[in-house]
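Those protein sequence lines, which keep their order, are chains A and B. Each residue of the first sequence is one higher than the one before, counting from 1 in our numbering. Each residue of the second sequence is one higher than the one before, counting from 1 in our numbering. The beta-carbon is built from N, C-alpha and C at its ideal position, and this holds for glycine as well. Source: prediction; values computed, not measured.
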Amino acid sequence: MEVSSLPISASHRAKLISAGYISISSLSSISPAHLARDLGISENEATGILKVASQRGGPERTIPSHHSIVDGLRAQTAWDMLHEEESCRRITTSCADLDDILGGGISCKEVTEIGGVPGIGKTQLGIQLAINVQIPLEYGGLAGKAVYIDTEGSFMVERVQQVAEACIKDMQEYDSFLRKDLPARQVNLQANDFLANIYYFRICSYTEQIAVINYLEKFISEHKDIKVVIVDSITFHFRQDFDDMALRTRLLGGMALKLMKLAKKFTLAVILLNQVTTKYSGGSFQLTLALGDSWSHACTNRIILYWNGNGRYAHIDKSPSIRSASAPYAVTGRGIRNLASNCKRVKLM
Amino acid sequence: MRKSVNRVWRRVMANKLISEMGLPKSIANIFAARNIHTAKDALSLTEFELMELLDVGLAEVTTAVSSISEISCPPYQTRMHNEHLAGHLPTRLKGLDAALCGGIPFGVITELVGPAGIGKTQFCLKLSLLASLPSSHGGLDGHVVYVDTESKFSSRRMIEIGVNSFPEIFQIEGMAQQMAGRILVLQPTTPTEFSECLQKIKDSLLQHHVKLLVIDSMAALVSGRDGQGQCRQHPLGWHMTFIKSLAEFSRIPVVVTNQVRSHSGDDPFHYSFQDSRQNLDFPTTFDSHLVAALGIPWAHAVSIRLVLESKSGQRFIKVAKSSMSPPVAFTFAISASGISLLHDDGIEMTGPEINAICGQVLKHFNVASSINDAHNIKYFRDFEVTVVYSIKNWSFRVVCG
């Protein structure tokens with residue numbers, strides 16, 4: 001391994017190389033005092049450099065108890081990942097058709113982007129998921145909490161209250177229909193309990209948006225029961241007032257990486273709601289999700305909500321594990337539900 | 001109101017100074033030396049860029065960014081239901097108020113969009129009146145700022161609405177003057193004046209107990225500029241965020257009217273994965289060839305969109321976008337007392353037609369000879385005139401009946 005790839009400051013790197021330390025192994029048996037003398041830096045700084053070098057080069061990094069072919073890197077075999085994937089919980093959307101095409105629901109451990117025209121139901125779906133993640137384990141839920149990052153002010157408390165009450169009612173019905181023979185149990189939840197389990201951040205600028213995403217790592221490690229992070233919407237503050245498009249792309253890329261890391265590290269679902277814009281392709285203007293082409297690569301899964309005929313449909317535009325399909329859904333007074341009509345067939349692409 | 005002033009000052013997190021964040025002195029000095037003074041400056045760079053710029057290691061940069069982020073991040077809230085921040089301005093249209101969970105919500109932008117002469121300004125006049133009424137009569141007992149960009153504000157008409165809707169108040173001596181005195185009308189004529197207006201409004205909002213902001217109309221200032229193109233940098237970008245944040249910090253209802261334009265071949269309605277030959281979600285009938293002006297970003301920015309349209313001789317007001325209402329349409333009519341619903345039970349519209357804007361207009365006016373006149377409806381006459389818009393060239397024929 002090369003010294004030039006160490007995450008140290010540029011001047012230290014330059015000094016190391018000019019003093020002749022090209023590879024990490026050359027640093028393995030040197031004392032801080034010696035290094036400090038050679039480079040003309042303080043002993044503290046030398047200790048810091050050696051520490052970084054030993055972290056990178058050492059073979060004693062903790063690797064999960066599976067043998068890995070590549071030394072020094074944290075790797076898992078595909079077999080182990082399969083077990084993880086299968087035991088990974090999913091958050092239901094309360095719409096059976098939508099759950100079907102998603103393979104059971106929104107998967108934890110991944111970043112899912114959901115986009116659509118205004119009024120199609122993105123915020124509705126976000127609210128539904130923030131409620132559904134809290135469904136207790138005995139009803140098939142995850143008993144988790146939600147982080148709701150609101151950049152547009154679309155989180156209407158009255159609506160969340162409605163959806164929560166409908167969810168409680170569904171749980172009570174489930175009890176009365178499917179568990180008739182078992183001893184009765186009470187659903188001791190109120191709508192306010194659901195509201196109390198949603199950590200709501202109101203974000204007013206792109207700086208705050210970056211700040212909150214950076215801060216989430218610490219926040220979630222202090223609140224380990226958070227199982228979903230919803231950003232509504234990821235686009236708003238990046239859409240206007242951005243003269244430097246290259247900067248925008250870099251910042252979005254950084255955000256996407258951090259969110260992916262969060263999803264993986266804490267096994268939670270990250271849901272990003274996106275707006276639409278137009279693009280010129282194939283001789284005509286088409287609708288597409290906002291934030292550009294480079295952003296479209298950033299998210300693991302992509303769902304587009306759109307109007308088709310007389311109904312709202314969700315289309316899986318991009319996913320590494322689920323096949324492309326569309327399913328109808330409805331936005332009702334109780335939240336997101338199945339479209340109650342005859343034409344409920346799921347359309348496969 | 002005092003509470004919201006604190007929120008305004010607390011909100012400017014992006015401009016928080018790094019020197020005041022309590023970071024270890026060494027790193028704080030390095031930031032300052034490299035001209036990174038605010039949270040915004042620091043967070044606009046990626047961690048590698050910061051490493052290069054500040055000449056420090058990755059671990060230090062990560063720690064610093066982490067601290068800056070934690071400090072610049074607004075604190076979380078748990079939004080319980082019985083909070084005083086949620087409020088509504090009742091419109092006195094029972095069915096609509098029920099659909100909107102009480103009325104026009106505080107703190108967000110409510111948009112009224114529809115063709116000329118449909119009743120948007122009438123609605124705005126009625127709302128202005130309602131906001132100025134004393135709370136004993138269901139009003140907000142406050143001042144109203146009415147930004148009139150097309151010179152459509154008619155105080156004579158507003159008094160007429162007042163006298164007919166609330167005779168018991170307006171018959172009291174001096175009441176009409178007091179009510180009308182609470183409504184401040186601003187009439188900017190250029191986009192620059194409009195921007196200045198908004199700035200001034202923001203500054204004086206809190207001092208003058210303003211309880212409603214009406215902008216009639218927003219589209220007047222961009223319709224001349226970009227025609228119907230979908231520009232990359234939306235000309236309304238700054239205004240959009242400004243008005244939105246204004247609504248939020250002051251917790252007042254903000255009502256904005258929008259115009260319509262004819263649908264052009266460039267307006268996209270499909271994604272690449274849809275089969276565009278099917279054209280199912282865009283009925284190619286003559287009636288729905290109108291779209292809201294101001295574009296898609298604006299449509300995303302508003303929280304409530306009320307579409308006013310006319311179809312087969314009936315006027316409809318539709319709740320096209322609202323996170324707390326089902327998609328319903330109500331029939332309405334314009335009368336001496338403003339707008340009134342013909343039925344309080346709305347018609348539920350589950351398909352995309354809730355968003356469509358119909359172009360047939362039933363109006364009362366003395367014969368209009370151009371589209372411009374059609375926008376300036378000030379008088380009411382006995383005969384009814386049907387104006388049918390043609391798709392292609394904005395010409396129309398007048399049928400008296």
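When the Cα atoms are used, THR121 of chain B and GLU111 of chain B turn out to be separated by approximately 12 angstroms. Counting other Cβ atoms within 10 Å of its Cβ, GLN178 of chain B stays below 16 and is therefore classed as exposed. The beta strand (DSSP E) runs of length 3 or more contained entirely in the region 107–192 of chain A are, from start to end of the chain, 111–116 and 145–150. In summary, TRP79 of chain A is exposed, with fewer than 16 beta-carbon neighbours lying within 10 Å of its beta-carbon over all protein chains present. A direct Cα-to-Cα measurement between HIS297 of chain A and HIS239 of chain B gives close to 31 angstroms. Using a Cβ-Cβ cut-off of 8 angstroms, HIS143 of chain B does not count as an interface residue toward chain A, since no Cβ of chain A sits closer than that to its own. Counting along the chain, LEU53 of chain B sits inside the alpha helix (DSSP H) bounded by residues 47–54. In the DSSP assignment, SER281 of chain A falls within the unbroken beta strand (DSSP E) covering 276–281. Those residues of the region 14–30 of chain B placed with their C-beta closer than 8 angstroms to a C-beta in chain A are ALA14, ordered along the chain. Not one beta carbon of chain B lies nearer than 8 angstroms to the beta carbon of ILE230 of chain A.
With 16 or more other Cβ atoms inside 10 Å of its own Cβ, PHE238 of chain A counts as buried. By a beta-carbon distance limit of 8 angstroms, ILE303 of chain A contacts ASP317 of chain A. Their separation comes to about 7 angstroms. For VAL61 of chain B, the uninterrupted alpha helix (DSSP H) segment begins and ends at 58–72. Below 8 angstroms, too few C-beta pairs join the region 167–186 of chain B and the region 249–256 of chain B to call them touching: fewer than three. Chain A places no beta carbon closer than 8 angstroms to that of LYS211 of chain B, leaving this residue out of the contacts. The straight-line gap separating the alpha-carbon atoms of SER176 of chain A and ILE106 of chain A is approximately 27 angstroms. For ALA327 of chain A, the enclosing beta strand (DSSP E) covers residues 325–332.
One alpha carbon belongs to PHE170 of chain B, the other to ALA299 of chain B, and they sit about 38 angstroms apart.
Cβ neighbours of HIS315 of chain A within its own chain (closer than 6 angstroms, five residues either side excluded): ILE304 and SER326. When the beta-carbon positions are compared, GLN187 of chain B and ASP148 of chain B come within less than 8 angstroms of each other.
Straight across, the Cα-Cα distance linking ILE296 of chain B with GLN240 of chain A is about 12 angstroms. In the same chain as ALA53 of chain A, and ignoring 5 residues on each side of it, the C-beta atoms closer than 7 angstroms to its own belong to LEU6, ILE24 and LEU27, in chain order. With fewer than 16 other CB atoms across the displayed protein chains lying within 10 angstroms of its CB, LYS25 of chain B is exposed. Between THR192 of chain B and the set B:ILE172, B:ALA220 and B:LYS211, the nearest pair of CA atoms involves B:ALA220.
The beta carbon of LEU53 of chain B sits closer than 6 angstroms to the beta carbons of ARG34 from its chain, once the five residues preceding and following it are set aside; these are given in chain order. When C-beta atoms of the region 328–340 of chain B are compared with those of the region 153–166 of chain B, three or more pairs fall below 8 angstroms, so the two segments count as touching. THR121 of chain B: member of the alpha helix (DSSP H) spanning 120–132, first to last residue.
The three-state secondary structure of SER245 of chain B, taken from DSSP, is helix. For VAL210 of chain B, DSSP records a beta bridge to B:HIS143. By the criterion of a C-beta distance shorter than 8 angstroms, HIS12 of chain A is surrounded in its chain by LEU39, ILE41, GLU45 and ILE49, once the five residues flanking it on both sides are discounted. When the beta-carbon positions are compared, VAL255 of chain B and CYS124 of chain B come within less than 8 angstroms of each other. Counting along the chain, the unbroken alpha helix (DSSP H) around LEU257 of chain A starts and ends at 245–266. Excluding the 5 residues flanking it on each side, ILE304 of chain B has same chain C-beta neighbours closer than 6 angstroms at THR110 and SER322, in chain order. Here LEU305 of chain A is bridged, per DSSP, to A:GLY116 and A:ALA314. Residue-level contact by beta carbon fails for SER31 of chain A and chain B, as no gap is shorter than 8 angstroms.
With a threshold of 8 angstroms between beta carbons, ARG34 of chain B makes no contact with chain A.
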